[in-house]
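These protein sequences, in sequence, are chains A and B. As numbered in my numbering, residues 1 to 112 make up the first sequence, in order. As numbered in my numbering, residues 1001 to 1112 make up the second sequence, in order. Quick reminder that beta carbons are idealized off the backbone N, C-alpha and C, glycines included. Here is the structure we will look at.
2 protein chains.
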Amino acid sequence: MKSTNLYKGSLSTIILKLLNEHDKMYGYEITQKVKEITKGELQLTEGALYPALHKLEAQGLLDVEVSKIGNRMRKYYRLTEAGTKETVDKLAELESYIRNMRALVNPKFRLE
Amino acid sequence: MKSTNLYKGSLSTIILKLLNEHDKMYGYEITQKVKEITKGELQLTEGALYPALHKLEAQGLLDVEVSKIGNRMRKYYRLTEAGTKETVDKLAELESYIRNMRALVNPKFRLE
DNA sequence: AATATATACATAAATAAATTATGTATAAGT
DNA sequence: ACTTATACATAATTTATTTATGTATATATT
Chain A
1 MKSTNLYKGS LSTIILKLLN EHDKMYGYEI TQKVKEITKG ELQLTEGALY PALHKLEAQG
61 LLDVEVSKIG NRMRKYYRLT EAGTKETVDK LAELESYIRN MRALVNPKFR LE
Chain B
1001 MKSTNLYKGS LSTIILKLLN EHDKMYGYEI TQKVKEITKG ELQLTEGALY PALHKLEAQG
1061 LLDVEVSKIG NRMRKYYRLT EAGTKETVDK LAELESYIRN MRALVNPKFR LE
């Protein structure tokens, strides 16, 4: 993703949240959306993205729908009900992570 | 560290920042400080902490000073000059990570 | 006095997520 | 004609962390 290691572990959260917002998306579209939103600061690599999508699907969090645009394949993913629940959990975990890290690195932001 | 994967990649940032604030600390003290600051939400494991300290030392970011308290050993770590510079970089990376993740998961926080 | 918990270090094997390197193939732009 | 963009995929490698284990002293509890 980037030179920093911090994004490790964040990929499923990103995918789930984007699908939560956009109803259905395909892999390449996800990479472009992430690039756009982060102004190019974060670029998903295919070697990370596709295995992550397959894993989320295997976990029952995503449904897939293959479609053909012209002669090219697209695999649209959307959240299952379990996927929607998982998204809520992942977002809560992210907020918790950010709160804790802020408390750790910024002495002014001690937890209450 | 925790059930969530998000902390992966954050350990060196945490160590460097704590040493930046506290001048010198030993391993066990770091685990306790992290537990205290995060109200027990984040507990560093020894299997992660000690190798991380050794690595930072090997990279020339930390200096070590062994001391004996009673009959028990303590290894105090402190930032080198390079370590202080690295701390600044790591903190900037963390802020960038948080900004990007906020933009990704919270449509209201789009980057400007 | 015996036992459990806390302090304090360490390392090795296994796991898991991502990087890097490839590969295939169609569509569009120069 | 050639390059870049679109669109998927997977295998080998790397790396950080988890889990498990080990040693040893100090303090608190029963």
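Would you say glycine 9 (chain A) reaches chain B, if we count a Cβ-Cβ gap shorter than 7 Å as a contact?
-> yes
Residue environment, alanine 1058 (chain B), which counts as buried when at least 16 other CB atoms sit within 10 Å = exposed
Kindly indicate if chain A contains any beta-carbon less than 7 Å away from that of lysine 1017 (chain B).
-> yes
Between lysine 1085 (chain B) and chain A, is there a C-beta pair that is closer than 7 Å?
-> no
What is the rounded straight-line gap between the Cα of lysine 24 (chain A) and the Cα of proline 1051 (chain B)?
-> 42 Å
Using a Cβ cut-off of 7 Å (strictly closer), state whether isoleucine 30 (chain A) contacts chain B.
-> no
Can you tell me whether DSSP reads glutamate 1142 (chain B) as helix, strand or coil?
-> One cannot answer for residue 1142 (chain B) here, as it falls past the ends of chain B, which runs 1001 to 1112.
Rounded distance between the beta-carbons of lysine 33 (chain A) and leucine 18 (chain A), thought under 8 Å | 6 Å
Please go through the same chain and pick out, in chain order, the residues whose beta-carbon is closer than 6 Å to the beta-carbon of arginine 1074 (chain B), but skip the five residues on each side of it.
-> Tyr1026 and Ser1067
For leucine 1079 (chain B), three-class secondary structure by DSSP | strand
Endpoints, alpha helix (DSSP H) assigned at lysine 1033 (chain B) | 1027 to 1037
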